[in-house]
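> If you're matching them up, the sequences are chains A and B in order.
Everything in the first sequence is counted per our numbering, starting at 3 for the first residue and increasing by one.
Everything in the second sequence is counted per our numbering, starting at 3 for the first residue and increasing by one.
2 protein chains.
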Amino acid sequence: MTDKKTHIIDHAIELFAEKGFEGSSIRDLAARADVNVAMINYYFGSKEKLFESMVADRASYTRGVLDEIANNSALSDIGKIERIIDTYISKLFTNRKFHRVLHQEMMLSQRETLQHSIVEILYPNSLIIKNVIEAGVKKGSFRKVDASMVIATIIGTINQVLLSKKMCNKLLNKEDSYIPYDDAKFAKRLSDHLKQLMQAHLLPQS
Amino acid sequence: MTDKKTHIIDHAIELFAEKGFEGSSIRDLAARADVNVAMINYYFGSKEKLFESMVADRASYTRGVLDEIANNSALSDIGKIERIIDTYISKLFTNRKFHRVLHQEMMLSQRETLQHSIVEILYPNSLIIKNVIEAGVKKGSFRKVDASMVIATIIGTINQVLLSKKMCNKLLNKEDSYIPYDDAKFAKRLSDHLKQLMQAHLLPQS
DNA sequence: AAAAACTAATTAAACGTTTGTTTAATATTA
DNA sequence: TAATATTAAACAAACGTTTAATTAGTTTTT
Numbered sequence: 003m004t005d006k007k008t009h010i011i012d013h014a015i016e017l018f019a020e021k022g023f024e025g026s027s028i029r030d031l032a033a034r035a036d037v038n039v040a041m042i043n044y045y046f047g048s049k050e051k052l053f054e055s056m057v058a059d060r061a062s063y064t065r066g067v068l069d070e071i072a073n074n075s076a077l078s079d080i081g082k083i084e085r086i087i088d089t090y091i092s093k094l095f096t097n098r099k100f101h102r103v104l105h106q107e108m109m110l111s112q113r114e115t116l117q118h119s120i121v122e123i124l125y126p127n128s129l130i131i132k133n134v135i136e137a138g139v140k141k142g143s144f145r146k147v148d149a150s151m152v153i154a155t156i157i158g159t160i161n162q163v164l165l166s167k168k169m170c171n172k173l174l175n176k177e178d179s180y181i182p183y184d185d186a187k188f189a190k191r192l193s194d195h196l197k198q199l200m201q202a203h204l205l206p207q208s
Numbered sequence: 003m004t005d006k007k008t009h010i011i012d013h014a015i016e017l018f019a020e021k022g023f024e025g026s027s028i029r030d031l032a033a034r035a036d037v038n039v040a041m042i043n044y045y046f047g048s049k050e051k052l053f054e055s056m057v058a059d060r061a062s063y064t065r066g067v068l069d070e071i072a073n074n075s076a077l078s079d080i081g082k083i084e085r086i087i088d089t090y091i092s093k094l095f096t097n098r099k100f101h102r103v104l105h106q107e108m109m110l111s112q113r114e115t116l117q118h119s120i121v122e123i124l125y126p127n128s129l130i131i132k133n134v135i136e137a138g139v140k141k142g143s144f145r146k147v148d149a150s151m152v153i154a155t156i157i158g159t160i161n162q163v164l165l166s167k168k169m170c171n172k173l174l175n176k177e178d179s180y181i182p183y184d185d186a187k188f189a190k191r192l193s194d195h196l197k198q199l200m201q202a203h204l205l206p207q208s
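In structure tokens form, the structure reads like this:
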């Protein structure tokens with residue numbers, strides 16, 4: 003991928019994250035990326051194909067690390083879950099804008115083909131976590147829980163605090179200008195909560 | 003509010019839920035609601051004002067019930083949480099399309115005034131739950147937990163399974179055509195998970 | 001090494017649609 | 001008759017996309 007294409011994609015992620023795909027115009031994007039309008043269609047073919055290129059370009063951004071954790075035999079089952087939580091939080095904090103775009107587009111039921119490719123990216127991650135949980139349940143190191151729902155809880159909690167900024171700032175008594183992504187303390191707080199939650203939910207009572 | 007206005011709002015919620023606000027056109031809406039394009043601007047003034055009217059019209063759709071639960075002295079603290087969970091699930095299942103529109107628009111950082119009014123609707127609900135949790139912590143019937151994060155977990159989990167249909171169907175091994183809203187068993191499963199989760203997390207270990 | 005030929009990158013302008021909105025005329029109701 | 005509701009048509013602006021001309025960069029030929 004050429005420098006210019008990546009440059010356009012960078013700005014596209016930012017714009018789409020702010021205004022959504024439908025809300026963003028090629029001319030907006032061209033102005034931001036400081037390129038001619040025609041360049042976008044010249045490089046990507048169309049607005050929709052630009053989106054697909056964007057997704058393809060930034061696709062595999064978590065899988066590998068999760069796989070490593072899941073297969074690390076030095077870790078206990080609950081240890082794996084805790085590592086996964088930290089990995090997920092750190093990755094989503096870093097790629098927050100791209101994650102926002104993915105999440106938004108996944109929620110709109112239109113554009114079937116695109117939704118499919120988004121799910122292709124995110125689903126394998128969920129599956130890794132699901133397997134860890136179900137293995138733990140089988141072994142007896144975890145209680146009998148609804149693994150799919152546990153994943154929804156982990157990912158849903160992170161999404162909730164990361165994606166609805168205004169709502170969360172109100173809940174956390176922060177000013178409107180507060181941006182959680184910049185605050186390491188906030189990441190720690192989120193991580194601590196999820197770990198505590200998972201320990202209580204997953205571990206058998208002694 | 004006249005019959006015709008409500009009729010238009012009904013279809014607007016449906017359309018916005020499917021295509022998003024930016025992705026929906028006045029002409030689309032007019033065709034769906036079977037009214038002349040000009041009627042929408044005649045009644046609401048503009049597309050944006052239509053959205054505001056929609057929000058205003060469907061605003062108070064949960065508050066009252068939550069308040070009752072929070073003040074019901076016959077219920078234990080964990081009993082209150084369980085009731086709140088069921089109420090929330092049932093309300094979101096019923097008003098699912100409106101909820102989807104609200105959530106989508108809340109995530110976009112644009113349209114500041116509109117975001118503000120959305121938060122005005124949803125925040126009080128969160129506050130009621132937060133108060134119940136913090137009261138429980140003070141009394142000692144709950145462990146010392148991060149109340150704000152607990153709310154993010156409850157609402158985030160529900161949103162996760164309700165709003166990203168395709169992803170969740172995959173996780174739950176359902177076909178693409180499966181619609182969780184129509185399935186009472188699914189609501190039960192979600193409710194059971196959240197209750198079990200909250201009991202483990204909130205109740206002191208015996 | 002210089003000139004020519006060719007490919008790729010870049011541009012401003014225009015294309016045909018679609019957008020939200022307004023108008024001005026007509027129908028309906030009170 | 002007067003106010004309200006409804007319509008088809010037109011409006012200007014914005015949209016994604018295409019065109020056709022120009023510049024820059026590379027390769028080939030002399």
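Yeah, the Cβ is synthetic: ideal placement off N, Cα and C, and Gly gets one too.
These figures come from a predicted structure and were not determined experimentally.
Cutting at 7 Å between CB atoms, please list the residues of its own chain near A:K146, excluding the five before and the five after it.
Taking the first residue of the first sequence as position 1, residue 146 of chain A is located at position 144. If we look at A:K146 and ignore the five residues flanking it on each side, its Cβ neighbours are V139.
> Is the CB-CB distance between A:L174 and B:S150 below 7 Å?
Residue mapping note: residue 174 of chain A aligns to position 172 of the first sequence, counting from 1. Residue mapping note: residue 150 of chain B aligns to position 148 of the second sequence, counting from 1. Yes, Cβ-Cβ distance for A:L174 and B:S150 is below 7 Å.
> Give the single residue among B:T159, B:K172, B:S92 and B:R60 whose Cα lies nearest to the Cα of B:E122.
One-based indexing of the second sequence puts residue 122 of chain B at position 120. Closest option to B:E122, Cα to Cα, is B:R60.
> What residues from the stretch 75-103 of chain B come within 8 Å of chain A, judged by C-beta to C-beta, listed N to C?
Residues R102.
> Excluding five sequence neighbours on each side, which residues of the same chain lie with their C-beta closer than 7 Å to the C-beta of B:V163?
Position 161 of the second sequence, counted from the start, is the residue given in the question as residue 163 of chain B. If we look at B:V163 and ignore the five residues flanking it on each side, its Cβ neighbours are C170, P182 and L192.
> With 7 Å as the threshold, decide whether the Cβ of A:D178 is near any Cβ in chain B.
Counting from one through the first sequence, the residue named residue 178 of chain A turns up at place 176. No - not a single Cβ of chain B is within 7 Å of the one on A:D178.
> Whole-angstrom Cβ separation of B:I83 and B:L165, contact assumed at under 8 Å?
Walking along the second sequence from the start, residue 83 of chain B turns up at place 81. Walking along the second sequence from the start, residue 165 of chain B turns up at place 163. With 8 Å as the limit, B:I83 and B:L165 do not qualify as a contact, their Cβ atoms being about 22 Å apart.
> What do you reckon, are the CB atoms on A:V152 and A:I130 nearer than 7 Å?
Here residue 152 of chain A refers to the residue found at position 150 when the first sequence is read from its first residue. Here residue 130 of chain A refers to the residue found at position 128 when the first sequence is read from its first residue. It is not a contact, given that the beta carbons lie outside the stated cut-off.
> If you reduce the DSSP assignment to three classes, tell me which class B:S75 lands in.
The residue labelled residue 75 of chain B in the question sits at position 73 within the second sequence. Looking at B:S75 - three-state DSSP - the assignment turns out to be coil, as it is neither helix nor strand.
> Which same chain residues, not among the five before or five after B:L116, have their C-beta less than 6 Å away from its C-beta?
Counted from its first residue, the second sequence places residue 116 of chain B at position 114. For B:L116, where only same-chain residues beyond five positions count, there are no Cβ hits under 6 Å.
> Any beta carbon of chain A sitting closer than 7 Å to that of B:D148?
The sequence position of residue 148 of chain B within the second sequence is 146, counting from 1. Closer than 7 Å to some Cβ of chain A, the Cβ of B:D148 qualifies, so yes.
> Is the stretch 24-33 of chain A touching the stretch 27-36 of chain B in the sense that three or more CB pairs, one from each, lie closer than 8 Å?
Segments in contact, no.
> Roughly how many angstroms separate the alpha carbons of B:D88 and A:H13, rounded to a whole number?
Along the second sequence, one-based indexing puts residue 88 of chain B at 86. Along the first sequence, one-based indexing puts residue 13 of chain A at 11. Cα to Cα, the separation comes out at about 42 Å.
> Between A:I157 and chain B, is the shortest Cβ-Cβ distance under 7 Å, so that the two count as touching?
For the purposes of this step, residue 157 of chain A is taken as residue 155 along the first sequence, with counting starting at 1. Answer yes: the Cβ-Cβ gap between A:I157 and chain B drops below 7 Å somewhere.
> Strictly under 7 Å for the Cβ-Cβ distance: is A:G138 near chain B by that measure?
What you label residue 138 of chain A is simply residue 136 of the first sequence in a count that begins at 1. No, no contact with chain B.
> So that I know if they touch, is there some Cβ in chain B lying closer than 7 Å to that of A:E24?
In the first sequence, counting from the first residue as 1, residue 24 of chain A sits at position 22. Yes, A:E24 lies at the interface with chain B (some Cβ there is under 7 Å from its Cβ).
> So that I know if they touch, is there some Cβ in chain A lying closer than 7 Å to that of B:N161?
Here residue 161 of chain B refers to the residue found at position 159 when the second sequence is read from its first residue. Judged by the 7 Å Cβ criterion, B:N161 is in contact with chain A.
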